[in-house]
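Under this note's numbering, read the sequence shown as residues 1 to 535, first letter to last. For each residue, glycine too, the CB sits at the ideal point set by N, CA and C. As the structure is a computational prediction, the values presented were derived from the model and not from experiment. This report concerns only the one structure given below.
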Amino acid sequence: MDATASGTPTIQYHNIPDQPITTIVVATPVPTFERRQRHCFGTSIPGEFPLAANPSIVLHVLTACNLDPQDLAKLEATCSFFRQPANFAPDFELSISELAALDMCQKRGIFKPMTAEQRQELKQRCGGSWKLVLKFLLAGEACFRREKSQAIAGPGHSIAVTSKGTVYSFGSNSSGQLGHGTTEEEWRPRQIRSLQGIRIVQAAAGAGRTMLISDAGKVYAFGKDSFGETEYGVQGSKLVTTPQLVESLKDIFVVQAAIGNFFTAVLSREGRVYTFSWGNDSKLGHQTEPNDVEPHPLLGALENVPVVQIAAGYCYLLALACQPNGMSVYSVGCGLGGKLGHGSRTDEKQPRLIEQFQLLNLQPMVVAAGAWHAAVVGQDGRVCTWGWGRYGCLGHGNEECESVPKVVEALSNVKAVHVATGDYTTFVVSDDGDVYSFGCGESASLGHSTATDGQGNRHANVLAPELVTSLKQVNERVVQISLTNSIYWNAHTFALTESGKLYAFGAGDKGQLGIELVANQTERGNPEQVDIDLR
């Protein structure tokens, strides 16, 4: 194509004639510089570049690169420069690596509003180092989607939270658990208007009850007016149909809530666990009435151990703890089926360390508590399950119970990053966004739709992990799975994608899918997109 015709100016080339090279006389001699080796600590020898001369540059680099605590610790171990006091505010005695860790802590949403005294208290609780505080904060971010979009498939009703903190609810509403001021069912996702101006960062749903947590650590609850016996009994006769601040928690900065059948648990930003209710027998280490609304700290082995995630099953609680020597899991409550993971089926009234992970050389990173079984994802991507094995929910190819965590060998070629459990059902998400499910196929909640030849059974139980091919067809990376964790409600499942799209399948008889069903439909076997943008 002619350049002129296309509107692009032509480039003019000129020949530069060869000229003889003449000697250039320089009046002042140019000094030559010696090439010298750089050291962490320089001497007075000219030409050396001591890092100690301008440590602020090093600090900026360490912070900007978002090095993890292990990397910062390695720097200290390999070079004395990173161990020396840096003479920087706010603490002139801190080393460069400690200052970098503190700077990265200050970027975290739950750390920013803390007072200096609260920060020092957290530092001591984590082990006396800002690197350990950073490890604690990062571990918590990895466990649950704080300040990110999320969807909760509750028992008969659903909650969806956008990345900006707006909340939508839909499904069963007999107790006012949707928060709209009524008791009418809603199949279409509807924003909870009374929360305008409040940014919600985490949600939990139980039967007839919802709890929401704001970025300021406040807890709002609605539905049944009870913290215990959510699914049956006389508790919760008073209905709360709009979000109400939980007064008994106003002095605790809460970051997560978990709802079991007989109790509720919350986690503070300092890593302390508090529980409500469960009546007599000291099943959670305290003696209370079933309708007790006062939080009680979960003490025993967890009294001085920072916890980053809690998970509630039907009658037990799991706590993922972050300690200087690594991550660990504690369990407490009913031990039937071996779901506490201690090699027996006895109850535990105080939190007890699950020792099997040390034998497996596995660092737990995410924990999930189903109604009767539990699961963990390790740092290396391995998945462990234990508890009741009914319908194949443990993924070991049978229906046997396991009283200690056991690696799911069928997923040996998969690096898992997320796990979700329900009533005899388990989902695993891999690092590339693939989803595997196994266990009870009732209500088509496993996502294994009818085969192309028409012979498949979407309600069949699955004894070992199977790829959910119906989610592959959405051509999006799945980042979160949520499924109903109740023995009394038909299950439904949500799959949230990286772009904020939400797909639903399973039971929808109460509108909990967020999708309108026609004629006599009560469920959807294939994932269908919900008309809501969670970005």
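Sorting K339, G422, E476, C393 by C-alpha distance to the C-alpha of T484 places G422 at the top.
For the options Q521, D91, A420, L62, the alpha carbon positioned closest to that of A153 is the one of A420. Excluding five sequence positions before and after T182, the CB atoms of its chain that fall closer than 8 angstroms to its own CB belong to N173, G176, T241, given in chain order. Taking every protein chain shown into account, the CB of R269 has 16 or more other CB atoms within 10 angstroms, so this residue is buried. Three or more Cβ pairs closer than 8 angstroms define a contact, and the stretch 161-171 meets that threshold against the stretch 192-212. Taking a cut-off of 8 angstroms on C-beta distances, the stretch 391-405 touches the stretch 423-433, as three or more cross pairs fall below it.
DSSP assignment within the stretch 64-110 yields the following whole alpha helix (DSSP H) runs of 4 residues or more, N-terminal first: 69-78, 96-105.
With respect to S430, G447 sits apart: the two C-beta atoms are not nearer than 7 angstroms. At a cut-off of 3 residues, the continuous stretches assigned as beta strand (DSSP E) that sit fully inside the stretch 439-502 are 462-467, 478-483, 492-497.
For Q256, the enclosing beta strand (DSSP E) covers residues 254-259. For the options Q244, S403, D215, the alpha carbon positioned closest to that of R108 is the one of D215.
I198 carries a coil assignment under DSSP once its states are collapsed to helix, strand and coil.
The three-state secondary structure of R190, taken from DSSP, is strand. Below 8 angstroms, enough C-beta pairs join the stretch 364-372 and the stretch 303-318 to call them touching: three or more. Counting of Cβ neighbours within 10 angstroms places E442 among the buried residues, the total reaching 16 or more. Assignment of K164 by DSSP, reduced to helix, strand and coil, places it in the coil class.
DSSP places W130 in the helix class (H, G or I) of the three-state scheme. Annotation: the continuous beta strand (DSSP E) that includes F222 extends over 219-224.
Where Q150 is concerned, there is no enclosing alpha helix (DSSP H), although the beta strand (DSSP E) around it starts and stops at 150-153.
Checking the DSSP bridge columns, you'll see W386 partnered with A374. Contact between the stretch 380-392 and the stretch 434-441 is established, with three or more Cβ pairs separated by less than 8 angstroms.
A straight-line Cα-Cα distance of about 6 angstroms links T63 and M104.
With respect to V246, A221 sits close: the two C-beta atoms are nearer than 7 angstroms. In this structure, L317 sits near V332, with a CB-CB distance shorter than 7 angstroms. The alpha-carbon of N526 is positioned some 6 angstroms away from that of F505. Under the Cβ criterion (8 angstroms, minimum of three pairs), the stretch 245-264 does not count as touching the stretch 473-484. With respect to D509, T522 sits close: the two C-beta atoms are nearer than 7 angstroms. The Cβ neighbour count for S277, taken over all protein chains shown within 10 Å, is at least 16; the residue is labelled buried.
In the three-state reduction of the DSSP assignment, Y436 falls in the strand class, which pools E and B.
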